[in-house]
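A short worksheet on the structure shown next.
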Amino acid sequence: MQIFNNHKEWIYSVIVGLVIAFAVIELNLLTESEDLSKGYSASLDKVRPYVVSIYSKTSNTDSTNPLLDDPLLSKYITNQQQTSLGSGILLGQDGLVVTNAHVIDRASSIVIQTHDGQQAPAIYYWVDSESDIALIKTAIDITPTLPLSSMEDVKVGDFAFTIGNPFGVGQSVSMGIISATGRQRPNLTNLTDFIQTDAAINPGNSGGALVNSLGQVIGMNSAILSSSGGTQGIGFAIPIQYVLARSMLLKQQPFNVKGFIGIDVIEVNNENNTEIHIISIMPNSSAAIAGLKVNDQIISIDGQTFDRRPDMIQYIQRQAAETLVEFRIKRNAQVISYPVVIQTK
9 MQIFNNHKEW
19 IYSVIVGLVI
29 AFAVIELNLL
39 TESEDLSKGY
49 SASLDKVRPY
59 VVSIYSKTSN
69 TDSTNPLLDD
79 PLLSKYITNQ
89 QQTSLGSGIL
99 LGQDGLVVTN
109 AHVIDRASSI
119 VIQTHDGQQA
129 PAIYYWVDSE
139 SDIALIKTAI
149 DITPTLPLSS
159 MEDVKVGDFA
169 FTIGNPFGVG
179 QSVSMGIISA
189 TGRQRPNLTN
199 LTDFIQTDAA
209 INPGNSGGAL
219 VNSLGQVIGM
229 NSAILSSSGG
239 TQGIGFAIPI
249 QYVLARSMLL
259 KQQPFNVKGF
269 IGIDVIEVNN
279 ENNTEIHIIS
289 IMPNSSAAIA
299 GLKVNDQIIS
309 IDGQTFDRRP
319 DMIQYIQRQA
329 AETLVEFRIK
339 RNAQVISYPV
349 VIQTK
């Protein structure tokens, strides 16, 4: 009889245990269902404050206009301001914002707007056109540190979200997947490790964040492959580890400093092409020290040819101080190479 009672108690205990187990499973399933019904809002809420909108103004006056040389007429030529927009990622308390170089290239003024509408001007900035990465110093700070994911955790098929300011409508989130990794886009930069995604990237998204489902930043949105200018499901982002490494190198350089060698040039139109000729050289400048002379024709700089004065000037301005650039000069039908040291104004 005692054995029977013990057996009944054992069966009872098993039944009670199973009931509790099923109740726990049901509760977990219900919780998971509730979480799924909310989507990924909780994860994205952690990273949205780090994504900012960038508004920049660029003067589009033609610097080659001969009327600018006339002191009486130049005052009647107005500088038309062109406004462009993009996105950026706040890195932390020091007010640094990383974005694409093409977002702020040649900007005369830059304003940063946070996700909650606060605005702050850029104090100064660094630009690296080769990598299409720029770093902006602002008075904005944010805590805690930016949530990041390592590139090893980025897998094809993972969910991906773009956060940015497409078409200037305000901060927006789009969803897709990681389509590929290790992509190369030769017409953008020399980087061979782009992340490809089908999450919508539109004009204004450049410089914004590419985020995983955990709310961790995996890349900086950079470009789209499109025949119409709008998203067609092929977008590219620079891995965030590369962005951070490059931006820290930029920070070590003098900010907002333009390369300078002390020459001015003019475009000379021939029947078949346009030549660039030196028309003045500043005394004791690096160009004068290197041996360049007035009337020299510039064939190339570092192997690159130019047929527009602004393009050549911009190339020089983008070079880092103390670096050497090679000028190939045509003088009296003779081609000569001159290494010239980049100075700063």
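Residue 9 is where the sequence shown starts when you use our numbering, and the numbers rise one by one after that. From the three backbone atoms N, C-alpha and C, an ideal C-beta is built for every residue, glycine too.
Residue burial classification, residue i (beta-carbon count within 10 angstroms, cutoff 16)
| i | result |
| --- | --- |
| Ala188 | exposed |
| Ala50 | exposed |
| Tyr58 | buried |
| Thr39 | Because Thr39 carries a pLDDT of 48, less than 50, the predicted location of this residue cannot be relied on, and the following value inherits that uncertainty. Label assigned to Thr39: exposed. |
| Gly357 | Residue 357 is absent from the structure shown; the chain starts at 9 and stops at 353. |
| Asp304 | buried |
| Ile226 | buried |
| Pro79 | With a pLDDT of 44 at Pro79, under the threshold of 50, the predicted position of this residue should be treated as unreliable, though the coordinate-derived value follows. Per the 10 Å Cβ criterion, exposed. |
| Phe314 | buried |
| Ala115 | buried |
| Pro291 | exposed |
| Val162 | buried |
| Ser345 | exposed |
| Gln312 | exposed |
| Asp77 | Note that Asp77 scores 49 on pLDDT, short of 50, meaning its location in the model is unreliable and no value can be drawn from it. |
| Glu42 | Unreliable positioning characterises Glu42 in this predicted model, as indicated by a pLDDT of 43, which lies under 50. A coordinate reading is not provided. |
| Ser288 | exposed |
| Asn278 | exposed |
| Asn281 | exposed |
| Asn340 | exposed |
| Met9 | Bear in mind that the predicted position of Met9 carries a pLDDT of just 47, short of 50, making it too unreliable to give a figure here. |
| Ile337 | buried |
| Asn210 | buried |
Reference residue i, options the options, closest by Cα
| i | options | result |
| --- | --- | --- |
| Val164 | Lys145, Gly176, Pro152, Gly184 | Gly184 |
| Phe244 | Ala217, Ser255, Gly47 | Ala217 |
| Ser137 | Gln305, Ala296, Leu258 | Leu258 |
| Tyr133 | Gly223, His110, Asp124 | His110 |
| Gln204 | Phe175, Met159, Gly223, Ser180 | Met159 |
| Pro129 | Val349, Gly176, Val119 | Val119 |
| Glu330 | Val302, Gln351, Gln312 | Gln351 |
| Arg191 | Gly176, Tyr48, Ile246, Arg316 | Ile246 |
| Ile307 | Phe335, Leu300, Arg316 | Phe335 |
| Asp310 | Asp113, Asp53, Gly223, Val348 | Val348 |
| Met320 | Gln127, Ile274, Gln260, Leu222 | Ile274 |
| Met228 | Phe202, Asp102, Gln312 | Phe202 |
| Ala231 | Ala253, Gln249, Gly172 | Gly172 |
| Gln249 | Ser182, Ile141, Ser293 | Ile141 |
| Val135 | Ala147, Ser221, Ile112, Ser293 | Ile112 |
| Ser117 | Ile131, Ala147, Gln126 | Ile131 |
| Leu222 | Asn210, Gly215, Asp166, Val177 | Asp166 |
| Gly125 | Pro152, Thr151, Lys145, Val177 | Val177 |
| His123 | Gln260, Ile297, Asp149 | Asp149 |
| Met256 | Lys145, Ile186, Ala295 | Lys145 |
Bridge-paired residues (DSSP) for residue i
| i | result |
| --- | --- |
| Glu283 | Val276 |
| Asp5 | Not covered by the structure: residue 5. The range shown for the chain is 9 to 353. |
| Glu334 | Pro347 |
| Tyr63 | Leu93, Val119 |
| Arg316 | Bridge partners of Arg316: none, in fact. |
| Thr170 | Ser182, Leu218 |
| Gln305 | His285, Lys338 |
| Met228 | Ala217, Ile246 |
| Val105 | Leu98, Ile144 |
| Thr205 | Ile186, Gly243 |
| Ala329 | Ala329 is not bridged to any residue. |
| Pro129 | Val119 |
| Leu156 | Val225 |
| Arg191 | Phe202 |
Supposed close pair residue i, residue j - CB separation, criterion 8 Å
| i | j | result |
| --- | --- | --- |
| Leu154 | Leu104 | Not quite, the Cβ-Cβ distance comes to about 10 Å (not below 8 Å), so this is no contact. |
| Leu93 | Tyr63 | 5 Å |
| Thr91 | Lys65 | 5 Å |
| Gln121 | Ser61 | 4 Å |
| Gly267 | Ile324 | 5 Å |
| Val251 | Val55 | Wrong, their Cβ atoms sit about 15 Å apart, outside the cutoff. |
| Asp272 | Ile242 | Wrong, their Cβ atoms sit about 43 Å apart, outside the cutoff. |
| Leu52 | Phe169 | 6 Å |
| Ile286 | Val276 | Going by Cβ atoms, the distance from Ile286 to Val276 rounds to 11 Å, so no, they are not a contact pair. |
| Gln366 | Leu156 | In the structure displayed, the chain extends from 9 to 353; residue 366 sits before or after that span and is not available. |
| Ser182 | Ala208 | 4 Å |
| Gln327 | Val333 | 6 Å |
| Arg317 | Ile284 | 7 Å |
| Ser95 | Gly215 | 4 Å |
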